[in-house]
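Trainee: First residue of the sequence shown? That's 1 in the working numbering, and the numbers climb one at a time after it.
From the three backbone atoms N, C-alpha and C, an ideal C-beta is built for every residue, glycine too.
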Amino acid sequence: MAGEDKKTLQLLVMLTSAVLVISLISAGAAFFVLMSKNTPATKKVIVEKPELGEIQNLGEFTVNLADPTESHYLRADVVMELDYGSSAKLTEEIDHRMPQIKDIVISSLGAKTSVQLADPENRDSMKKEIKDKINAILNRGQIAKIFFTSFAIQ
Numbered sequence: 001m002a003g004e005d006k007k008t009l010q011l012l013v014m015l016t017s018a019v020l021v022i023s024l025i026s027a028g029a030a031f032f033v034l035m036s037k038n039t040p041a042t043k044k045v046i047v048e049k050p051e052l053g054e055i056q057n058l059g060e061f062t063v064n065l066a067d068p069t070e071s072h073y074l075r076a077d078v079v080m081e082l083d084y085g086s087s088a089k090l091t092e093e094i095d096h097r098m099p100q101i102k103d104i105v106i107s108s109l110g111a112k113t114s115v116q117l118a119d120p121e122n123r124d125s126m127k128k129e130i131k132d133k134i135n136a137i138l139n140r141g142q143i144a145k146i147f148f149t150s151f152a153i154q
C-alpha cells in the first residue's frame with residue numbers, strides 16, 4: 001500500500017506541475033495578446049494639402065532701409081498667392097490697385113532696418129504685415145500668402 005501511495009503522490013505532483021506549467025503558458029499568451037490589442041495601431045493619416053491659389057507676381061523691389069547710421073538697401077522679389085478659388089474679379093481689382101499694392105510693399109519694407117529684416121522671424125511677420133495691409137484695401141477677395149522669391153540685403 002505504501003507503494004501505491006507513493007505512486008499516487010508522484011502522479012499528483014506531476015499533474016499539479018503540468019497544470020501549473022500550462023497555466024503559466026496560458027497566462028503569458030493571454031498577456032501578450034491583450035497587450036498587443038492595447039497598443040495603439042499605427043494608422044496612416046493622409047493630410048490633404050490645401051490647393052495653391054492663383055499667383056500674382058509683384059516684381060522686384062529695391063528699397064532703402066531705415067538704418068540710422070549706415071545706408072543699406074533691400075532687393076526682393078515679391079509674389080502674392082490669392083485665396084484658392086478666388087474670382088476673376090479679384091484679379092481685376094488687383095490689377096487696378098497695383099500702384100497701391102506696390103506702395104504698401106515699398107513702405108512696409110522701407111520702414112525696417114537691415115538687422116530687423118535679417119531675422120527670419122521678423123521676415124515672416126513682415127509677410128503677414130504686408131498681406132494684412134493689402135487685404136485691408138481689397139473688396140473682392142483676399143490674399144492668402146506673401147512670398148519672397150529672392151531677398152538680398154546690402
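Would you mind reading off the limits of the alpha helix (DSSP H) that contains I130?
Mentor: P120 to I137 is the extent of the alpha helix (DSSP H) around I130.
Trainee: Hey, could you find the ends of the beta strand (DSSP E) E60 is sitting in?
Mentor: Here the beta strand (DSSP E) through E60 covers I55 to N64.
Trainee: Does the segment 89 to 102 touch the segment 133 to 141, meaning 3 or more C-beta pairs lie closer than 8 Å?
Mentor: The segment 133 to 141 vs the segment 89 to 102: in contact.
Trainee: So T149 is in the beta strand (DSSP E); what residue range does that whole segment cover?
Mentor: Its beta strand (DSSP E) spans residues I143 to I153.
Trainee: Say whether the segment 54 to 74 touches the segment 16 to 35, bearing in mind that this needs 3 or more beta-carbon pairs closer than 8 Å, one atom from each stretch.
Mentor: In short, these stretches do not touch, since the Cβ pair count stays below three.
Trainee: Could you check how far apart the C-beta atoms of I130 and I104 are, in whole angstroms? I think they sit under 8 Å.
Mentor: Sure, about 6 Å apart at Cβ, within 8 Å.
Trainee: If you draw a straight line from the alpha carbon of S87 to that of E70, how long is it in whole angstroms?
Mentor: Near 45 Å, if we compare the C-alpha coordinates of E70 and S87.
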